[in-house]
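Visitor: I have a structure here, written as structure tokens, and I will follow up with some questions on it.
Numbering (the working numbering), first residue to last: 305 to 423.
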């Protein structure tokens, strides 16, 4: 369930960021309120995910996926420029998130092994 919470947090963060762009610098009050609701929901679900996911892993996934998705959305919907440097930087972020996920599994296995040894 904690991965579902994290996924919802990412989707709401993406919605909040898109809405932020649409507020035109907080000039549109209805959209500004909606933005706050999206971000509040995102942080709420991120908090729920943190009950079972290490903070470093959850935050890396939440922020990393947010960066990747909003960059794609900015390119597709807001016609923002994308350069090879941006693509390479995003690939590094993805590699970092994937590496953290892989090594967190090893960390958990090591932690569980130590618990068994101490018994």
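Cβ coordinates follow ideal geometry from the N, Cα and C atoms, glycine included.
Could you check if residue 321 is buried or exposed, using at least 16 other CB atoms within 10 Å of its CB as the buried criterion?
Guide: Counting from one through the chain shown, the residue named residue 321 turns up at place 17. Looking at its Cβ environment, which holds 16 or more other Cβ atoms inside 10 Å, residue 321 is buried.
Visitor: Indicate whether residue 373 and residue 314 have their beta-carbon atoms separated by less than 9 Å.
Guide: Counting from one through the chain shown, the residue named residue 373 turns up at place 69. Counting from one through the chain shown, the residue named residue 314 turns up at place 10. Yes; because the gap between Cβ atoms is below 9 Å, this pair is in contact.
Visitor: Determine contact between the region 354 to 369 and the region 305 to 319, defined as no fewer than three beta-carbon pairs at a distance below 8 Å.
Guide: Because the criterion of three Cβ pairs below 8 Å is met, the region 354 to 369 and the region 305 to 319 touch.
Visitor: Could you spell out the range, first to last residue, of the alpha helix (DSSP H) harbouring residue 325?
Guide: The count along the chain shown starts at 1 and reaches residue 325 at position 21. Looking at the DSSP string, the run of the alpha helix (DSSP H) that includes residue 325 is 306 to 326.
Visitor: Would you mind sorting residue 403 into buried or exposed? The rule is 16 or more other CB atoms within 10 Å of its CB.
Guide: Your numbering for residue 403 matches position 99 in the chain shown. The residue is exposed, with fewer than 16 neighbouring Cβ atoms inside 10 Å.
Visitor: Under a Cβ-count criterion, where at least 16 other Cβ atoms within 10 Å of its own Cβ denotes burial, should residue 323 be classed as buried or exposed?
Guide: In the chain shown, residue 323 corresponds to position 19, counting from 1. With 16 or more other Cβ atoms within 10 Å, it is buried.
Visitor: Which residue comes first and which comes last in the alpha helix (DSSP H) that contains residue 365?
Guide: Mapped onto the chain shown, residue 365 falls at position 61. It spans 359 to 381 - the alpha helix (DSSP H) in which residue 365 sits, taken as one unbroken run.
Visitor: Please state whether DSSP places residue 388 in a helix, a strand or coil.
Guide: By one-based count along the chain shown, residue 388 stands at place 84. Note: residue 388 maps to helix in three-state DSSP.
Visitor: Among residues of its own chain, excluding the 5 on either side of residue 349, which ones have a beta-carbon nearer than 8 Å to its beta-carbon?
Guide: As a position in the chain shown, residue 349 is number 45, starting the count at 1. Around residue 349: 309, 310, 312, 313, 316.
Visitor: Exposed or buried, which one is residue 399 when buried takes at least 16 other CB atoms within 10 Å?
Guide: Indexing the chain shown from 1 puts residue 399 at position 95. That one is exposed.
Visitor: On the premise that residue 364 lies in contact with residue 401, defined as a C-beta separation below 8 Å, what is that separation, rounded to the nearest angstrom?
Guide: On the chain shown, position 97 is the one that residue 401 refers to. On the chain shown, position 60 is the one that residue 364 refers to. That belief holds up - the Cβ atoms of residue 401 and residue 364 are roughly 5 Å apart, short of 8 Å.
Visitor: For residue 408, which residues in the same chain have their Cβ closer than 7 Å to its Cβ, ignoring the five residues on either side in sequence?
Guide: The residue labelled residue 408 in the question sits at position 104 within the chain shown. Counting only Cβ-Cβ distances below 7 Å, and skipping sequence neighbours, we find 358, 361.
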